[in-house]
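K.L.:
Supplied in structure tokens, the structure appears directly below.
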Amino acid sequence: MADARPGAMSRIIRWIDYRLPFVQFLNHHLVEYPTPRNLNYWWNYGSLSGIMLVVMIATGIFLAMQYTPHADYAFDSVERIMRDVNYGWLVRYAHMNGASMFFVLVYTHMFRGLYYGSYKAPRELLWILGVVILILMIATSFMGYVLPWGQMSYWAATVITNLFSAIPLIGQSIVTLLWGGFTVGNPTLNRFYALHYLLPFIIVAVVLLHLIALHRFHSNNPLGIDLKGPQDTLPFHPYFTIKDLFGLVVFLLVYAFFVFYAPNFLGSPVNSMPANPMQTPNHIVPEWYLLPYYAILRSVPNKLFGVILAFGSIFLLFIVPWLDTSPVRSARFRPVYKWVFWLLVIDVIALGWVGANPPEGLVVTVGQFATFYYFIHFLVLFPLIGKLERPRPLPFSIAAAVLQGGGTRLGGAGAPMAKP
Amino acid sequence: MADLAHQNVTGAHPGETRRDFLILTTAAIGGVAVAATIWPFIDSLNPARDTLAESTTEVDLVPVQLGQRLTVKWRGKPVFIDHRTPEEIKAAADVNISDLRDPQKDSDRVKKPEWLVVIGVCTHLGCIPLGQRAGDDRGPYGGWFCPCHGSVYDTSARIRQGPAPLNLAVPPYDFTSDTTIKLG
Numbered sequence: 024m025a026d027a028r029p030g031a032m033s034r035i036i037r038w039i040d041y042r043l044p045f046v047q048f049l050n051h052h053l054v055e056y057p058t059p060r061n062l063n064y065w066w067n068y069g070s071l072s073g074i075m076l077v078v079m080i081a082t083g084i085f086l087a088m089q090y091t092p093h094a095d096y097a098f099d100s101v102e103r104i105m106r107d108v109n110y111g112w113l114v115r116y117a118h119m120n121g122a123s124m125f126f127v128l129v130y131t132h133m134f135r136g137l138y139y140g141s142y143k144a145p146r147e148l149l150w151i152l153g154v155v156i157l158i159l160m161i162a163t164s165f166m167g168y169v170l171p172w173g174q175m176s177y178w179a180a181t182v183i184t185n186l187f188s189a190i191p192l193i194g195q196s197i198v199t200l201l202w203g204g205f206t207v208g209n210p211t212l213n214r215f216y217a218l219h220y221l222l223p224f225i226i227v228a229v230v231l232l233h234l235i236a237l238h239r240f241h242s243n244n245p246l247g248i249d250l251k252g253p254q255d256t257l258p259f260h261p262y263f264t265i266k267d268l269f270g271l272v273v274f275l276l277v278y279a280f281f282v283f284y285a286p287n288f289l290g291s292p293v294n295s296m297p298a299n300p301m302q303t304p305n306h307i308v309p310e311w312y313l314l315p316y317y318a319i320l321r322s323v324p325n326k327l328f329g330v331i332l333a334f335g336s337i338f339l340l341f342i343v344p345w346l347d348t349s350p351v352r353s354a355r356f357r358p359v360y361k362w363v364f365w366l367l368v369i370d371v372i373a374l375g376w377v378g379a380n381p382p383e384g385l386v387v388t389v390g391q392f393a394t395f396y397y398f399i400h401f402l403v404l405f406p407l408i409g410k411l412e413r414p415r416p417l418p419f420s421i422a423a424a425v426l427q428g429g430g431t432r433l434g435g436a437g438a439p440m441a442k443p
Numbered sequence: 002m003a004d005l006a007h008q009n010v011t012g013a014h015p016g017e018t019r020r021d022f023l024i025l026t027t028a029a030i031g032g033v034a035v036a037a038t039i040w041p042f043i044d045s046l047n048p049a050r051d052t053l054a055e056s057t058t059e060v061d062l063v064p065v066q067l068g069q070r071l072t073v074k075w076r077g078k079p080v081f082i083d084h085r086t087p088e089e090i091k092a093a094a095d096v097n098i099s100d101l102r103d104p105q106k107d108s109d110r111v112k113k114p115e116w117l118v119v120i121g122v123c124t125h126l127g128c129i130p131l132g133q134r135a136g137d138d139r140g141p142y143g144g145w146f147c148p149c150h151g152s153v154y155d156t157s158a159r160i161r162q163g164p165a166p167l168n169l170a171v172p173p174y175d176f177t178s179d180t181t182i183k184l185g
């Protein structure tokens, strides 16, 4: 990297960098940045989520240039984007499906954190900031879904804002305040548009905090043990830039498949009808990424309690670092948790299935059981397994574990991936 | 890894390895992909199809009396249609071309001498000149007068005085019949 013969360009860069250490900063965080050498592909989802956030902001700004935030014109302006604006269909489908992809990435990222114990000391705040990002994403996606002002937009807005009416005494006043009227209407649409534009930038700010916290103690890794020295790490560039780029290309293939071949697969056809405040669609469903919360909400026969549990299912994640009492991070060395983790995955998928189907018969039973298990998993199994489970012995260091098969002992510079 | 190292040793010139080739081709394809991704975003800012659909306007000339001026909207801009009197046509034709700032013969600016069709946007800074309505100040040449910065146009809508650099532009149009024109 270092230039032996400083040319004019590098002298200018040095002059600036002495005063504003931007290049140093990038070098420190993106080039030399020491990264655990044993990261697997599950560690791609963080950077992919970051890229997706940029894609959402970019497509969103271009959509905002064509969209009209007024109850009388919003639906038509979206149809104009789809039919008349050059490539408007592409920008909108990229944004719509981008929201789904963003949630796929973030949920995978979170499950990875749960499997490898990435939330444990000293990374508790890193995890908490991640949960804050998730909550902001849910709020942003919900408000974005309202903007096209279709039937589902309108009734989703009605149902979700009505959740706040469950609050005793002041609930109804809060809902009126949220609406800016006596129903969801033009004032609601306008404020949702303003907030939908604002929140992504707040997400960017929280992502920066998330990264500051990440770079304080560096990435966790599949072994879940601390970095002991330079032999445990590789520079971020080129080893992980190229790994992230490869993952990005694979991800873009999936994303592009949805955008070009199944753009409406993840959406509801009911939203192709303009909002009608006089008639509710027969079957109201949120977007797929909100289905589990929706299932929890519906599984409880009491209004206030249902709302508390639906919100609680997310807020519960804030205390996960303290619910898990095990001293070992990675599930690889936790013979019981390793299997129990998958029960949570199955449980969340089951909740998603429950949320997608009308609440009748088996759906109700499964919903109630899955809701019950979700809370038991975190509130009972997490602390209990940590106490009762006997973890397998941890390797001495990442380098020792990685190089075991290779024959070299803590070779450091003699690593198999060294540059020719 | 092994053959890469091998090739490095036997390669004729350092810096011309298979790795360099891979990096260059990857970067080139990546560059094309980025450009192809950016283009739809830029193109989305160009006029949309509903905007382009407004790009032609048909005008019926029958109600426009001799000496009367009509303003129609075309692509969001005013178009001046002047049913000129023989005196106005003569005044426009008699001008010495070399005296003009933007030399153009009157006959080059019309399809039929009695019908002058120009875009009513001053070529200085985009104001709409006066002269379309009865009682407007038409300026010393009997054409149009721009109130913003005092540009004066003659009966062929050519610039005669003031800061504007060019004559009022003639839009593309055709007579679809003797009494109808299609703008655009």
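Here the protein sequences line up with chains A and B, keeping their order.
Residues in the first sequence are numbered from 24 upward in steps of one, following my numbering.
Residues in the second sequence are numbered from 2 upward in steps of one, following my numbering.
Note that beta-carbon positions come from the ideal geometry of N, C-alpha and C, so glycine has one too.
In this text the structure is predicted, and so the values were computed from the model without any measurement.
Distance, Cα to Cα, residue 38(B) vs residue 114(A)?
P.N.:
As a working mapping, residue 38(B) is identified with position 37 in the second sequence. As a working mapping, residue 114(A) is identified with position 91 in the first sequence. Their Cα atoms are separated by approximately 10 Å.
K.L.:
Taking Cβ positions only, does residue 28(B) come closer than 7 Å to chain A?
P.N.:
Here residue 28(B) refers to the residue found at position 27 of the second sequence. Chain A, which has no Cβ nearer than 7 Å to the Cβ of residue 28(B), makes this no.
K.L.:
What residue from 340(A), 202(A), 55(A) and 85(A) has the CA that sits closest to residue 45(B)'s CA?
P.N.:
Mapped onto the second sequence, residue 45(B) falls at position 44. Residue 45(B) has its Cα closest to that of 85(A), out of 340(A), 202(A), 55(A) and 85(A).
K.L.:
Who are the Cβ neighbours of residue 177(A) in its own chain at under 8 Å, not counting the five residues just before and after it?
P.N.:
The residue labelled residue 177(A) in the question sits at position 154 within the first sequence. For residue 177(A), where only same-chain residues beyond five positions count, the Cβ hits under 8 Å are 169, 207, 298, 299 and 300.
K.L.:
Considering just the uninterrupted stretch of the alpha helix (DSSP H) at residue 176(A), what are its terminal residues?
P.N.:
Against the first sequence, residue 176(A) aligns to sequence position 153. Here the alpha helix (DSSP H) through residue 176(A) covers 174 to 185.
K.L.:
Could you tell me the distance, in whole angstroms, from the CA atom of residue 288(A) to the CA atom of residue 65(A)?
P.N.:
Residue mapping note: residue 288(A) aligns to position 265 of the first sequence, counting from 1. Residue mapping note: residue 65(A) aligns to position 42 of the first sequence, counting from 1. Taking the straight line from one Cα to the other gives about 26 Å.
K.L.:
Out of 114(B), 50(B), 120(B) and 56(B), which one is the CA nearest neighbour of residue 109(A)?
P.N.:
Indexing the first sequence from 1 puts residue 109(A) at position 86. Nearest C-alpha to residue 109(A): 50(B).
K.L.:
Tell me whether residue 32(A) is buried or exposed, calling it buried when 16 or more other Cβ atoms sit within 10 Å of its Cβ.
P.N.:
Position 9 of the first sequence holds residue 32(A). Under this definition residue 32(A) is an exposed residue.
K.L.:
Is there contact between the stretch 166 to 185 of chain B and the stretch 101 to 109 of chain B, where contact requires at least three CB pairs shorter than 8 Å?
P.N.:
Counting Cβ pairs under 8 Å, three or more are found: they touch.
K.L.:
Using a Cβ cut-off of 7 Å (strictly closer), state whether residue 50(B) contacts chain A.
P.N.:
In the second sequence, counting from the first residue as 1, residue 50(B) sits at position 49. Cβ-Cβ to chain A under 7 Å: yes for residue 50(B).
K.L.:
What's the C-alpha gap between residue 250(A) and residue 137(A)?
P.N.:
As a working mapping, residue 250(A) is identified with position 227 in the first sequence. As a working mapping, residue 137(A) is identified with position 114 in the first sequence. Answer to the nearest angstrom: the Cα atoms are 20 Å apart.
K.L.:
What span of residues does the alpha helix (DSSP H) with residue 33(A) cover, start to end?
P.N.:
By 1-based counting over the first sequence, the position of residue 33(A) is 10. Per DSSP, residue 33(A) belongs to the alpha helix (DSSP H) from 31 to 42.
K.L.:
Roughly how far, in whole angstroms, is the beta-carbon of residue 59(A) from the beta-carbon of residue 256(A), given that I think they are within contact range, below 8 Å?
P.N.:
For this step, residue 59(A) is matched to residue 36 along the first sequence. For this step, residue 256(A) is matched to residue 233 along the first sequence. Correct: roughly 6 Å between the Cβ atoms.
K.L.:
Mind checking whether residue 357(A) and residue 414(A) have CB atoms under 7 Å apart?
P.N.:
Along the first sequence, read from residue 1 onward, the residue named residue 357(A) stands at position 334. Along the first sequence, read from residue 1 onward, the residue named residue 414(A) stands at position 391. It is a contact, given that the beta carbons lie within the stated cut-off.
K.L.:
Below 8 Å on C-beta distance, what does residue 44(B) contact in chain A?
P.N.:
By one-based count along the second sequence, residue 44(B) stands at place 43. 109 and 110, listed in chain order.
K.L.:
Taking residue 243(A) and residue 355(A) to be in contact with their CB atoms under 8 Å, please state how far apart those CB atoms are, rounded to whole angstroms.
P.N.:
Within the first sequence, the letter at position 220 stands for residue 243(A). Within the first sequence, the letter at position 332 stands for residue 355(A). Incorrect: roughly 12 Å between the Cβ atoms, too far for contact.
K.L.:
Use the C-beta contact count for residue 285(A): other C-beta atoms within 10 angstroms, 16 or more gives buried, fewer gives exposed.
P.N.:
For this step, residue 285(A) is matched to residue 262 along the first sequence. Answer is exposed; the Cβ neighbour count stays below 16.
K.L.:
Which residues in the same chain as residue 233(A) place their Cβ atom closer than 7 Å to its Cβ, once the five residues preceding and following it in sequence are excluded?
P.N.:
For the purposes of this step, residue 233(A) is taken as residue 210 along the first sequence, with counting starting at 1. Counting only Cβ-Cβ distances below 7 Å, and skipping sequence neighbours, we find 149, 152, 153 and 156.
K.L.:
Going by alpha carbons, who is nearest to residue 98(A) out of 389(A), 360(A), 366(A) and 294(A)?
P.N.:
Sequence index remark: in the first sequence, residue 98(A) carries index 75 (1-based). Cα-wise, what sits closest to residue 98(A) is 294(A).
K.L.:
Going by the DSSP bridge assignment, what does residue 59(B) pair with across the sheet?
P.N.:
Here residue 59(B) corresponds to residue number 58 of the second sequence, with the count starting at 1. Answer by DSSP bridge pairing, in chain order: 183(B).
K.L.:
What's the C-alpha gap between residue 424(A) and residue 410(A)?
P.N.:
One-based indexing of the first sequence puts residue 424(A) at position 401. One-based indexing of the first sequence puts residue 410(A) at position 387. Each residue's Cα considered, the two are about 26 Å apart.
K.L.:
Judging by CA-CA distance, which residue of 94(A), 75(A), 398(A) and 44(A) is the nearest neighbour of residue 338(A)?
P.N.:
Start at 1 with the first residue of the first sequence, and residue 338(A) comes out as number 315. If we check each option's Cα against that of residue 338(A), 398(A) comes out closest.
K.L.:
Leaving out the 5 sequence neighbours to the left and right, which residues in its chain are closer than 6 Å to residue 375(A) when beta-carbon positions are compared?
P.N.:
To locate residue 375(A), count along the first sequence from 1; it is residue 352. Counting only Cβ-Cβ distances below 6 Å, and skipping sequence neighbours, we find 314 and 315.
K.L.:
List the residues of chain A that residue 47(B) touches, going by C-beta distances under 7 Å, in chain order.
P.N.:
Within the second sequence, residue 47(B) is the residue found at index 46, counting from 1. 109, listed in chain order.
K.L.:
What in chain B is Cβ-close to residue 103(A), meaning under 8 Å?
P.N.:
Walking along the first sequence from the start, residue 103(A) turns up at place 80. Residues of chain B passing the Cβ test: 49 and 51.
K.L.:
Alpha carbon to alpha carbon, how far is residue 198(A) from residue 47(B)?
P.N.:
Translated into the one-based positions of the first sequence, residue 198(A) becomes position 175. Translated into the one-based positions of the second sequence, residue 47(B) becomes position 46. Cα to Cα, the separation comes out at about 41 Å.
K.L.:
By the 10 Å Cβ neighbour count, where 16 or more other Cβ atoms means buried, how is residue 164(A) classified, buried or exposed?
P.N.:
Along the first sequence, one-based indexing puts residue 164(A) at 141. Buried, because 16 or more other Cβ atoms sit within 10 Å of the Cβ of residue 164(A).
K.L.:
Would you please verify whether the beta carbon of residue 125(A) is less than 7 Å from any beta carbon of chain B?
P.N.:
The residue labelled residue 125(A) in the question sits at position 102 within the first sequence. So no, residue 125(A) is outside the interface.
K.L.:
Below 8 Å on C-beta distance, what does residue 114(A) contact in chain B?
P.N.:
Here residue 114(A) refers to the residue found at position 91 of the first sequence. The answer, in chain order, is 41, 42 and 45.
K.L.:
What is the residue span of the alpha helix (DSSP H) that residue 212(A) lies within?
P.N.:
Reading the first sequence from its first residue, position 189 is the one you call residue 212(A). Here the alpha helix (DSSP H) through residue 212(A) covers 209 to 240.
K.L.:
Pick out the complete beta strand (DSSP E) segments inside the stretch 302 to 364 of chain A, 3 residues or longer, and give them in chain order.
P.N.:
None, since the stretch 302 to 364 of chain A contains no complete beta strand (DSSP E) of that length.
K.L.:
Using the rule of at least 16 other Cβ atoms within 10 Å of the residue's Cβ for burial, across every protein chain shown, is residue 181(B) buried or exposed?
P.N.:
For the purposes of this step, residue 181(B) is taken as the residue at position 180 of the second sequence. Exposed, by the Cβ-count rule.
K.L.:
Between residue 260(A) and residue 46(A), is the Cβ-Cβ spacing less than 7 Å?
P.N.:
Looking up residue 260(A) in the first sequence gives position 237. Looking up residue 46(A) in the first sequence gives position 23. No, they are not a contact pair.
K.L.:
Determine, for residue 85(A), whether the minimum Cβ-Cβ distance to residues of chain B falls below 7 Å.
P.N.:
Position 62 of the first sequence, counted from the start, is the residue given in the question as residue 85(A). Interface residue, yes.
K.L.:
Do residue 218(A) and residue 166(A) count as a contact pair if the criterion is CB distance below 7 Å?
P.N.:
Counting from one through the first sequence, the residue named residue 166(A) turns up at place 143. Counting from one through the first sequence, the residue named residue 218(A) turns up at place 195. Yes. Within cutoff.
K.L.:
Would you mind giving the Cβ-Cβ distance between residue 121(A) and residue 175(A), rounded to the nearest angstrom? I have them listed as a contact below 8 Å.
P.N.:
Here residue 121(A) corresponds to residue number 98 of the first sequence, with the count starting at 1. Here residue 175(A) corresponds to residue number 152 of the first sequence, with the count starting at 1. With 8 Å as the limit, residue 121(A) and residue 175(A) do not qualify as a contact, their Cβ atoms being about 18 Å apart.
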